[in-house]
Structures are given as structure tokens and as C-alpha cells.
Amino acid sequence: MTQTVPTQLPAEWRDFFALTKPRVMSLVIFTGLCGLLAAPGHINPVLGFTAILCIAMGAGGSAVLNQWWEADLDAGMKRTSKRPIPAGRMQRNDARDFGVLVSVASVLIMGLAVNWLSAVILFVAIIYYAVVYTIWLKPRTPQNIVIGGGAGAFPPMIGWVAVTGDITLMPVLLFLIIFMWTPPHFWALALFVKTDYANVGIPMMPVVRGEASTRRQILAYAVLLVPIAAAPWVIGGTSYVYGIAALALTLAFLALSFPVAFRQTGENDTMRPEKRLFAFSIVYLFALFAALVADRVFANLGWIA
Numbered sequence: 001m002t003q004t005v006p007t008q009l010p011a012e013w014r015d016f017f018a019l020t021k022p023r024v025m026s027l028v029i030f031t032g033l034c035g036l037l038a039a040p041g042h043i044n045p046v047l048g049f050t051a052i053l054c055i056a057m058g059a060g061g062s063a064v065l066n067q068w069w070e071a072d073l074d075a076g077m078k079r080t081s082k083r084p085i086p087a088g089r090m091q092r093n094d095a096r097d098f099g100v101l102v103s104v105a106s107v108l109i110m111g112l113a114v115n116w117l118s119a120v121i122l123f124v125a126i127i128y129y130a131v132v133y134t135i136w137l138k139p140r141t142p143q144n145i146v147i148g149g150g151a152g153a154f155p156p157m158i159g160w161v162a163v164t165g166d167i168t169l170m171p172v173l174l175f176l177i178i179f180m181w182t183p184p185h186f187w188a189l190a191l192f193v194k195t196d197y198a199n200v201g202i203p204m205m206p207v208v209r210g211e212a213s214t215r216r217q218i219l220a221y222a223v224l225l226v227p228i229a230a231a232p233w234v235i236g237g238t239s240y241v242y243g244i245a246a247l248a249l250t251l252a253f254l255a256l257s258f259p260v261a262f263r264q265t266g267e268n269d270t271m272r273p274e275k276r277l278f279a280f281s282i283v284y285l286f287a288l289f290a291a292l293v294a295d296r297v298f299a300n301l302g303w304i305a
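Given below as C-alpha cells:
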């Protein structure tokens, strides 16, 4: 469905900032910072700050490009209609130019100041979200979130590589944790906003495959998340501090997935289990990565072996 975007008004700095999706960026910054702090070795604090700034810029730039491309779709959804472009506060080309500028700057600064491997991974993350997910996957397949989940899984890997300069199994596992977390996290949201996606023709799982299939897949991914979240402890990359926290948090995530998976909804259903799972999924990721950092800090202090 094509929507008419209102006549543009002069954009303010707040509109440019809003385009970067600051709420989403906060999670990106946090997981990237956790990857950096949990990595073995040391990094100059100035370079560490620069790395996190580049991760934030890359995430923000790709979010801007996402909204530039999807401005007509955003105008047709209640949840996104007040964003700067569909609300008429910014011209699409200005958003595009801003997104490209911030994205390119993030990669160049990361490469020149930190290391080029982390810069290459950051570049891949930007292209993955802005092109592979936004332009190719999202409008074509109900598996868009599954495959596109990789875009949000890169930050801890980038933070880790910024310190170590190489890729080992641990940063790959951190990537996989977020990759497997994304489908149940996002589909829980999609279940109670599916009308928005249906109105603009986006083939999200609840719209194309139905609620029952979506609910079963939420549970399946929650089950798979249990061993993956525990894997850093199993391979010896962390101690029991992270391991116990990971098991407790992931089992709670799994427990909240059961009422979502095995229930029928009525016309006036408030979708409380779905909203509860979505809310907890955000807390889950913050807490899990906080436990990862705590594990590293305790080890450095000699409190744990």
C-alpha cells in the first residue's frame, strides 16, 4: 500500500537523531561495549570509546537508510507513521545523504583508529541491515527476521575484535546468541502489531504463516537458545558466574515462551503473554551481556579461577 508522505517541514537536529532509532541503538551500544569489555587483552580507553562510537554511528546510519527506503511503508503503519519522514518533517533525500555520510564515516574511523578487521565487520553489518534485510529480505519472505537477525548480532563481535584484532569462537558465539534471540523477540512484538504489517503488505510470519505457526517457532527458537547461551561457559570461555546467569535467564525466557506458544487468542485479547515475553526479551539480553562482563571483571580481579 502506497501512502502519500505529507509536505516536508524544516528538519531539526531532533529529527536526525530520531532517525538513528536511539532506543534500538542503546541495545547495540550496550552489547558492543560488553563485547569489548569481555574480550581478553586491553585497549586504550580513547580507542575503546572510538570503537563504541563507530558501532553506534554504524547502527544509526543503517537505521537512517532503513527509514529512507521504507518511508512509504512507515506512513501506512500506526507504529511508525510519526517518524520524521512519513510525518513530513524531513525530505527523503536528506535522510539518505545523512545515512550514507554517517555509515561511511563510521567504517573509515574504525579502520583508521582501531583496526581494519573490526571496520570490515562493521561495514558488513551496515550492508546486511540496510540492503540485505531492508531491501531484499523484509518485503519478500516471512523468514526476514530469521535471516536478517544477523544485522543486530554483529556489535559484540565488533567490540571483541576491536580489542583482539582476530575472530575466535567466543565472538562467534556472542553473535549466535543474538541471532537466535532475535526471532522470538521480534515475533512476540509482531503478534500484537501484525495488523500494521498486513496493511502495508510486509510478509511477517504472523501475517503469512499465521499465529499458530509463529507461536510454535517462538518456542523452538527459545529452546535452541538455551544451549547456545550456555556455550561460552561450556567451552571454557567464561566461568560459572556467567554460566549460572545464562542458564537462569534463558530458562526464564523459555518459560515465558510456553504460554505464548500454547494459547488461542480472541478478538479482544490483550496479548499479555506476548507483551510480557517481548518486554522480558529486552531485559534478558541486557542481563545476559552484563553477566558476561561481570564474569570477566571477577576473573581479572582474581575472585574466580
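The numbering used here numbers the first residue of the sequence shown as 1 and each following residue consecutively. The C-beta atom is built at its ideal place from N, Cα and C for all residues, glycine as well.
Tell me the DSSP secondary structure of residue 1 in three-state form. Interpretation of residue 1 is limited by its pLDDT of 44, a score under 50 that renders its predicted location unreliable; the figure taken from the coordinates is listed afterwards. Coil at residue 1, not helix or strand.
Enumerated in chain order, which unbroken segments of the alpha helix (DSSP H) with a length of 4 residues or greater are wholly contained in the segment 76 to 142? 92 to 113 and 116 to 127
Pick out the complete alpha helix (DSSP H) segments inside the segment 130 to 211, 4 residues or longer, and give them in chain order. 144 to 148, 150 to 164, 169 to 192, 194 to 200 and 205 to 208
Nearest-angstrom Cα distance between residue 45 and residue 12? 32 angstroms
Contact defined as beta carbons within less than 8 angstroms: I believe residue 217 pairs with residue 259. What is the distance between those atoms, to the nearest angstrom? 15 angstroms between Cβ atoms; not a contact.
Measure the CB-CB distance between residue 226 and residue 250 and report whether it falls below 7 angstroms. yes
Give the range of the alpha helix (DSSP H) segment to which residue 264 is assigned. Run containing residue 264: none; DSSP gives neither H nor E here.
Within the continuous alpha helix (DSSP H) that includes residue 237, where are the two ends? Unbroken run through residue 237: none, as it is neither H nor E.
Pair every Cβ in the segment 67 to 84 with every Cβ in the segment 31 to 43, then say whether three or more of these pairs are closer than 8 angstroms. no
Anyone know if the C-beta pair for residue 215 and residue 261 falls short of 7 angstroms? yes
Give me the Cα-Cα distance between residue 77 and residue 66, rounded to the nearest whole angstrom. 15 angstroms
Where residue 57 sits in the DSSP three-state scheme: helix
Could you check the C-alpha separation between residue 61 and residue 24 for me, to the nearest Å? 12 angstroms
Assess contact between the segment 149 to 164 and the segment 189 to 206, defined as three or more Cβ pairs (one per stretch) separated by less than 8 angstroms. Is contact present? no
Note the first and the last residue of the continuous alpha helix (DSSP H) segment covering residue 21. Note, residue 21: premise wrong, no alpha helix (DSSP H); not H, not E.
Buried versus exposed, by CB contacts within 10 Å (16 or more), residue 17: exposed
Around the C-beta of residue 134, are 16 or more other C-beta atoms found within 10 angstroms, so that it is buried, or is it exposed? buried
Are the beta-carbon atoms belonging to residue 94 and residue 86 less than 7 angstroms from one another? no
CB contact flag (residue 160, residue 171, <7 angstroms): yes
I believe residue 28 touches residue 71 by the beta-carbon criterion, under 8 angstroms. Please report the beta-carbon distance rounded to the nearest angstrom. Not quite, the Cβ-Cβ distance comes to about 22 angstroms (not below 8 angstroms), so this is no contact.
Identify which residue in 296, 51, 273 and 156 has its Cα closest to the Cα of residue 111. 51
Determine, using beta carbons only, whether residue 274 and residue 191 come nearer to each other than 7 angstroms. yes
Using C-beta distances below 7 angstroms, list every residue in its chain close to residue 32, excluding the 5 sequence neighbours before and after it, in chain order. 52, 55, 155, 156, 158 and 159
Please list, in chain order, all residues of the same chain as residue 293 whose beta carbon is under 7 angstroms from its beta carbon, the five residues on each side excluded. 34, 37 and 38
Nearest to residue 244 by CA position, among 287, 263 and 14, is which residue? 287
According to DSSP, is residue 282 part of a helix, a strand, or is it coil? helix
To the nearest angstrom, how far is it from the Cα of residue 151 to the Cα of residue 277? 22 angstroms
Measure the alpha-carbon distance for residue 173 versus residue 68 and round it to whole angstroms. 32 angstroms
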